[in-house]
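Please read the structure below before turning to the comments.
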Amino acid sequence: MLIWGWRTFVTRLAVFFAVCGHCRHEGAQTVDERRTKFTLFFIPLFTTSTKYVQQCTLCAARTLVSKEFADSVAGRPNTAPPHNTAPRGRDALVQIAVHPDELRTGGHRQFPVETGVRCERCAGWGGSGSTPCSTCAGQGRVRATRTVGAGIPAGAQYGARLRLANEGEVGPNGGPPGDIYVELVPPSGAPSR
1 MLIWGWRTFV TRLAVFFAVC GHCRHEGAQT VDERRTKFTL FFIPLFTTST KYVQQCTLCA
61 ARTLVSKEFA DSVAGRPNTA PPHNTAPRGR DALVQIAVHP DELRTGGHRQ FPVETGVRCE
121 RCAGWGGSGS TPCSTCAGQG RVRATRTVGA GIPAGAQYGA RLRLANEGEV GPNGGPPGDI
181 YVELVPPSGA PSR
């Protein structure tokens, strides 16, 4: 009688149809999770290893697969963090002159801002393969002036900064954009409070 030892517990995750890489026939493929656990008196105490195995039902050939592949065929969401995230774009600070009446009542302002925007030629990727884009020189972004709008809340004070999320400079190589911060300043010649 075995009092302690290692046992393998098999859980069937998925069955799907595909062409086998060994026998080259189309048939059912299974994906199993195989956990080796240390047991004492037939009670599993802890897992020592976990493997994901794809097996052909025609030729019985087995192949080790990644957890991500097993999760994808089993319909489970991928919980792994993204491996290669492009850096976020820079934030921009813009000062706009606001009349005291507009601070009191609130309003909406349109203003031009120059930031890096996504290159239309390469769609923000900087080129294709090893060839850099001729428009953005491989950066994935170009400088451009565009019009942005911001709501000024009623009762705001001079020096207040309004954040416009994801309206700043686009990140390099398709990265997410930064923010624009709008600082409310008094017009030249007007008394500040």
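Each residue of the sequence shown is one higher than the last, beginning at 1 in full-length UniProt numbering. C-beta atoms are modelled at their ideal positions from N, C-alpha and C, and glycine is treated no differently.
Which value, in whole angstroms, describes the spacing of the CA atoms of residue i and residue j?
i: GLU26; j: TYR52; result: 21 Å
i: GLN54; j: GLY175; result: 35 Å
i: THR30; j: VAL65; result: 11 Å
i: ARG24; j: ALA61; result: 11 Å
i: ALA74; j: LEU13; result: 6 Å
i: GLY127; j: GLY138; result: 6 Å
i: ALA156; j: ALA165; result: 19 Å
i: THR50; j: ASP32; result: 10 Å
i: PRO177; j: GLY171; result: 5 Å
i: SER72; j: ASP179; result: 34 Å
Is it buried or exposed for residue i, if we count other Cβ within 10 angstroms and need 16 for buried?
i: GLU167; result: buried
i: THR131; result: exposed
i: ALA154; result: exposed
i: VAL15; result: exposed
i: CYS59; result: exposed
Can you give me the Cβ contacts of residue i inside the same chain, cut-off strictly under 8 Å, excluding the 5 residues immediately before and after it?
i: PRO44; result: ARG7, PHE9, LYS37, PHE38
i: ILE96; result: ARG109, PHE111, ALA150, VAL182, GLU183, LEU184, VAL185
i: SER188; result: ALA97
i: ILE3; result: LEU40, PHE41
i: PHE17; result: GLU26, GLY27, ALA28, GLN29
Taking a contact to mean a Cβ-Cβ separation below 8 Å, would you say residue i touches residue j in this structure?
i: VAL113; j: ARG141; result: no
i: GLU169; j: ALA86; result: no
i: ARG121; j: CYS133; result: yes
Helix, strand or coil for residue i per DSSP?
i: LEU103; result: helix
i: GLY5; result: strand
i: residue 199; result: Nothing about residue 199 can be read from this structure; the chain reaches only from 1 to 193.
i: SER188; result: coil
i: GLU26; result: strand
i: PHE16; result: strand
i: GLU68; result: helix
i: PRO153; result: coil
i: VAL73; result: helix
i: PRO176; result: coil
i: SER134; result: coil
i: PHE111; result: strand
i: PRO87; result: coil
i: LEU40; result: strand
i: ALA144; result: strand
i: VAL31; result: strand
i: residue 194; result: With the chain represented from 1 up to 193, any question about residue 194 goes unanswered, as that position is not in the structure.
Which residues in the same chain have their Cβ closer than 6 Å to the Cβ of residue i, if we skip the five residues on either side of it in sequence?
i: PHE46; result: PHE38
i: THR145; result: PRO112, GLU114
i: VAL19; result: GLU26
Can you list, in chain order, the residues of its chain whose CB lies under 7 Å from that of residue i, leaving out five sequence neighbours each side?
i: LYS67; result: TYR52
i: GLY107; result: ILE152
i: THR115; result: ALA92, GLY168, GLU169
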